[in-house]
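In my numbering, the protein residues as written are 74 to 243.
By construction, the Cβ of each residue, glycine as well, lies at the ideal position given by its N, Cα and C atoms.
Taking it in order: structure first as structure tokens, then the write-up.
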């Protein structure tokens, strides 16, 4: 299991804040057509979910890449805390309700990795940034003990359920 530090959560929240401010159309525009504007967040949310799943007990190349991104984010965030605002970094406790992926759930993450790579290639330069930021944010916040971390529990359960049902049918 990967562990996140205070700096890693800070990096994840910075990415989330950046994405929300980049997306925000303004109150008037949002009230005028909420479905159109909310749908612009779906690629970020989907890739956030994918990033979150990669931190939940995945091994191999995908788990190593996810762990490396989390480690780099922890280091960058901790350095920013020390040098940016003069605070001491620290390790955060992981969620107490950690739900690991089952074997079919892990197989589903491999399938989602292929889909994610195809989506990044298809999205072009502008859309790929949203997808990459979403995955990065999910990796940073997926093991946190806060609200974003608690979202990982239903994501893992859903991945396990879908994986069980897909591989049961085969």
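query                                                                            : result
Contact the segment 234-241 vs the segment 132-152: 3+ CB pairs below 8 Å        : no
Bridge partner(s) assigned by DSSP for residue 186                               : Partner(s): none; residue 186 has no beta bridge.
Whole-angstrom distance between residue 139 and residue 120, CA atom to CA atom  : 13 Å
For residue 161, three-class secondary structure by DSSP                         : coil
Residue 123 burial status per 10 Å Cβ neighbour count (16 or more: buried)       : buried
Neighbour-count burial assignment, residue 127, 16 or more Cβ in a 10 Å radius   : buried
Backbone CA spacing between residue 91 and residue 208 [nearest angstrom]        : 14 Å
Check whether residue 214 and residue 85 have beta carbons under 7 Å apart       : yes
Rounded C-alpha distance that separates residue 206 from residue 118             : 10 Å
Beta-bridge partners of residue 78, as assigned by DSSP                          : 164
C-alpha distance - residue 223 paired with residue 210, whole-angstrom precision : 14 Å
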